[in-house]
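Numbered according to my numbering, the sequence shown spans residues 2 to 345.
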Amino acid sequence: MQQRLTQMKQDALAALAQVNDAQALQDLRVKYLGKKGELTEILRGMGGLSAEERPVVGQLVNEVRAAVEEAIGAKQEEFEQAELTAKLASQSVDVTLPGRPLKSGTMHPLSRIIEEMEDIFIGLGYEVAEGPEVELDQYNFEMLNLPKDHPARDMQDSFYITEEILLRTHTSPVQARTMLAKEGKTPVKIICPGKVYRRDDDDATHSHQFTQIEGLVVGKGIKMSDLKGTLLTFAKQMFGPEQQIRLRPSFFPFTEPSTEVDIQCILCHGNGCRVCKQTGWIEILGGGMVHPRVLEMAGYNPQEVSGFAFGVGVERIAMLKYGVEDIRNFYTNDVRFLRQFNRT
Ligand code: PHE
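1. Kindly examine ligand 1 and report whether one of its heavy atoms sits closer than 7 Å to the Cβ of THR231.
2. To the nearest angstrom, how far is the alpha carbon of CYS274 from that of LEU268?
3. Which residues in the same chain as LYS229 place their Cβ atom closer than 7 Å to its Cβ, once the five residues preceding and following it in sequence are excluded?
4. Under the criterion of a Cβ to heavy atom distance below 7 Å, does GLY288 qualify as lining ligand 1?
5. Run through DSSP, which three-state label would LEU168 get?
6. Rounding to the nearest angstrom, what Cα-Cα distance links PHE160 and THR212 in this structure?
7. Does the beta-carbon of ALA236, which I'm using as the reference point, lie nearer than 7 Å to any heavy atom of ligand 3?
8. Rounded to whole angstroms, what is the Cα-Cα separation between GLY308 and PRO293?
9. State whether the region 191-209 contacts the region 277-290, with contact taken as three or more CB pairs (one from each stretch) at a distance under 8 Å.
10. Is the beta carbon of THR212 within less than 7 Å of some heavy atom of ligand 1?
11. Could you give the distance in angstroms between the alpha-carbon of ILE121 and the alpha-carbon of VAL135?
12. Would DSSP call MET290 helix, strand or coil?
13. Quick one: what's got a C-beta closer than 7 Å to GLN244's C-beta in the same chain, skipping five residues either side?
14. Tell me whether ALA182, by its Cβ, gets closer than 7 Å to a heavy atom of ligand 1.
15. When the Cα of LEU286 is compared with those of LYS183, ARG317, MET298 and ASP150, which residue comes out closest?
16. For MET144, I'd like the list of residues in its chain whose CB is within less than 6 Å of its CB, leaving aside the five on either flank, ordered along the chain.
17. Could you tell me if the beta carbon of SER307 falls within a distance shorter than 7 Å of some heavy atom in ligand 1?
18. Can you give me the C-alpha to C-alpha distance between HIS270 and PHE240, rounded to a whole angstrom?
19. Should LEU363 be labelled buried (16 or more other beta-carbon atoms within 10 Å of its own) or exposed?
20. With 16 as the cutoff for other CB atoms within 10 Å, does LEU29 come out buried or exposed?
21. Nearer than 7 Å: is that true of the beta carbon of ALA310 relative to any heavy atom of ligand 1?
22. Run through DSSP, which three-state label would GLU215 get?
23. How big is the Cα-Cα spacing for LEU217 and PHE342?
24. Please go through the region 304-333 and give each complete beta strand (DSSP E) segment of 3 or more residues, from N-terminal end onward.
25. Under the assumption that GLU119 contacts VAL129 (Cβ atoms under 8 Å), give the Cβ distance between them as a whole number of angstroms.
26. Does the distance from the CB of HIS209 to the CB of TYR198 come in under 8 Å?
27. Identify every run of the alpha helix (DSSP H) within the region 29-54, keeping only runs that are complete inside it and at least 4 residues long; order them along the chain.
28. As a quick exercise: from THR187, ASN141 and THR179, pick the residue whose alpha carbon is nearest that of THR170.
29. Report the residue from GLY185, VAL315, PRO133 and THR97 whose alpha carbon sits nearest the alpha carbon of VAL175.
30. Which value, in whole angstroms, describes the spacing of the CA atoms of ALA319 and ASN272?
31. From ASP348 to LYS88, what does the alpha carbon distance come to, in whole angstroms?
32. Roughly how far, in whole angstroms, is the beta-carbon of LEU181 from the beta-carbon of PHE311, given that I think they are within contact range, below 8 Å?
33. How about HIS171: is its Cβ closer than 7 Å to a heavy atom in ligand 1?
34. Give the C-beta separation of VAL306 and LEU296 to the nearest angstrom, bearing in mind that I take them to be a contact with Cβ-Cβ under 8 Å.
35. Identify which residue in GLU39, MET108, THR86 and LYS186 has its Cα closest to the Cα of PRO303.
36. Out of curiosity, what's the CA-to-CA distance linking SER51 and MET2?
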């Protein structure tokens, strides 16, 4: 019996030393220590031993059990450790790897121009105003000296919603709204960026929806030269200190006198090229002295105050500044186009 136990211990420890997976370890545990295991069997057989033998064998059984249990425990720990090490290795983070860059959107080129223009005019003491895109005929035309039968309304083929409501065709209605809100107080000094809508057929240079920035100054003694100086300052800040402007006489029902303003072609610097149609100049805005009727309708006395106004085409500025040849690029939202305006 003693010999069998000693042999079993040797066998068990030898087998355990060979084990290299958890399942095999479990099998050995059952084989030796389980309910039907070899040690249990020996314990059961102890009834047949003599009184002298029993404690000796009993002690030996305990020794063998302890040795086998210890060996199993050690193996178990070894496996767990190995498993943990493997897990840590597979889940380890290499902190020296460069991070994955987060893709952030870019600022739309029109928003950039608007922001730049706002900066320029805020620097000149202007405030930024807003007005609705769905506008009353009253503000879009009537209060700008374009009565219902005025032929100039044909110039602006409009999206009417009802007879009295339309999508604004320009940002000029904000002139009337701003002056009315000021209730005759001066000075008025605002710009208003915003979307405008016209029934144009879309092509490379026309769009049914585009963007304008309106400017309006009302106060005592405002003169045409103030308009000119303001626009020259704006042109130099937007296109560089060498930039020149040119004023040509024009007509708008809400300004008198009226002017169209050109900048020297920024591509050929006035020498003449395809973009400026060989003239050396490119039109960027319309403006003039606020018509006395417009001042009057908005609650100002044209004998006491005067003003100037202008309306800049934002797409036009962006096309010149960024060399964009097709206005449709601004609203078709091809990310390959938009991504070029990343600020970083
Ligand atoms: N509203 C005019 C247009 O859309 C531009 C303009 C604004 C002209 C202000 C004079 C004064 O063409």
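C-beta atoms are modelled at their ideal positions from N, C-alpha and C, and glycine is treated no differently.
In terms of the structure at hand:
1. Within the sequence shown, the letter at position 230 stands for residue 231. Every heavy atom of ligand 1 is 7 Å or more from the Cβ of THR231, so no.
2. Numbered from its first residue, the sequence shown carries residue 274 at position 273. Numbered from its first residue, the sequence shown carries residue 268 at position 267. Going by the C-alpha atoms only, they are around 8 Å apart.
3. Numbered from 1 along the sequence shown, position 228 holds the residue referred to as residue 229. Cβ within range, chain order: LEU248.
4. On the sequence shown, position 287 is the one that residue 288 refers to. Because some heavy atom of ligand 1 lies under 7 Å away, the Cβ of GLY288 counts as near it: yes.
5. Taking the sequence shown and counting its residues from 1, the one referred to as residue 168 is at position 167. LEU168 falls in the strand class under three-state DSSP.
6. Position 159 of the sequence shown, counted from the start, is the residue given in the question as residue 160. Position 211 of the sequence shown, counted from the start, is the residue given in the question as residue 212. Cα to Cα, the separation comes out at about 16 Å.
7. Questions concerning ligand 3 fall outside what the structure shown contains, since the ligands it does hold are ligand 1.
8. Along the sequence shown, read from residue 1 onward, the residue named residue 308 stands at position 307. Along the sequence shown, read from residue 1 onward, the residue named residue 293 stands at position 292. Rounded to whole angstroms, GLY308 to PRO293 spans 9 Å at the Cα level.
9. no
10. Along the sequence shown, one-based indexing puts residue 212 at 211. No; taking the cut-off as 7 Å, the Cβ of THR212 has no heavy atom of ligand 1 nearer than that.
11. Along the sequence shown, one-based indexing puts residue 121 at 120. Along the sequence shown, one-based indexing puts residue 135 at 134. So the alpha carbons of these two residues sit roughly 28 Å apart.
12. Here residue 290 corresponds to residue number 289 of the sequence shown, with the count starting at 1. MET290: strand per DSSP, three-state reduction.
13. Within the sequence shown, numbered from 1, the residue matching residue 244 stands at position 243. Cβ within range, chain order: ALA236, LYS237, ILE264 and GLN265.
14. Looking up residue 182 in the sequence shown gives position 181. No; taking the cut-off as 7 Å, the Cβ of ALA182 has no heavy atom of ligand 1 nearer than that.
15. The residue given as residue 286 occupies position 285 in the sequence shown. The shortest CA-to-CA distance from LEU286 to any of LYS183, ARG317, MET298 and ASP150 is the one to ARG317.
16. Here residue 144 refers to the residue found at position 143 when the sequence shown is read from its first residue. The answer, listed in chain order, is ALA177 and MET298.
17. Sequence index remark: in the sequence shown, residue 307 carries index 306 (1-based). No, since every heavy atom of ligand 1 falls outside the 7 Å radius drawn around the Cβ of SER307.
18. Position 269 of the sequence shown, counted from the first residue, corresponds to residue 270. Position 239 of the sequence shown, counted from the first residue, corresponds to residue 240. C-alpha of HIS270 to C-alpha of PHE240: approximately 11 Å in a straight line.
19. Because the chain spans 2 through 345 in this model, residue 363 falls outside it and cannot be assessed.
20. Here residue 29 refers to the residue found at position 28 when the sequence shown is read from its first residue. It counts as buried.
21. The residue labelled residue 310 in the question sits at position 309 within the sequence shown. A heavy atom of ligand 1 is found nearer than 7 Å to the CB of ALA310.
22. In the sequence shown, residue 215 corresponds to position 214, counting from 1. Taken through DSSP and simplified to helix, strand or coil, GLU215 comes out as strand.
23. The residue given as residue 217 occupies position 216 in the sequence shown. The residue given as residue 342 occupies position 341 in the sequence shown. Each residue's Cα considered, the two are about 30 Å apart.
24. 307-314
25. Here residue 119 refers to the residue found at position 118 when the sequence shown is read from its first residue. Here residue 129 refers to the residue found at position 128 when the sequence shown is read from its first residue. 6 Å between Cβ atoms; contact.
26. Looking up residue 209 in the sequence shown gives position 208. Looking up residue 198 in the sequence shown gives position 197. Cβ distance < 8 Å, so HIS209 and TYR198 count as in contact.
27. 39-45
28. For the purposes of this step, residue 170 is taken as residue 169 along the sequence shown, with counting starting at 1. Among THR187, ASN141 and THR179, the Cα nearest to that of THR170 belongs to ASN141.
29. For the purposes of this step, residue 175 is taken as residue 174 along the sequence shown, with counting starting at 1. Nearest C-alpha to VAL175: PRO133.
30. Position 318 of the sequence shown holds residue 319. Position 271 of the sequence shown holds residue 272. Going from the Cα of ALA319 to the Cα of ASN272 covers about 21 Å.
31. Any answer about residue 348 is impossible in this case: the structure gives the chain only from 2 up to 345.
32. Stepping through the sequence shown from its first residue, residue 181 is reached at position 180. Stepping through the sequence shown from its first residue, residue 311 is reached at position 310. The Cβ separation is near 20 Å, so there is no contact.
33. Reading the sequence shown from its first residue, position 170 is the one you call residue 171. Yes; taking the cut-off as 7 Å, the Cβ of HIS171 has a heavy atom of ligand 1 nearer than that.
34. Indexing the sequence shown from 1 puts residue 306 at position 305. Indexing the sequence shown from 1 puts residue 296 at position 295. About 7 Å separates the beta carbon of VAL306 from that of LEU296, a gap short enough to meet the 8 Å contact definition.
35. In the sequence shown, residue 303 corresponds to position 302, counting from 1. The residue with the shortest Cα to Cα distance from PRO303 is LYS186.
36. Position 50 of the sequence shown, counted from the first residue, corresponds to residue 51. Position 1 of the sequence shown, counted from the first residue, corresponds to residue 2. The straight-line gap separating the alpha-carbon atoms of SER51 and MET2 is approximately 12 Å.
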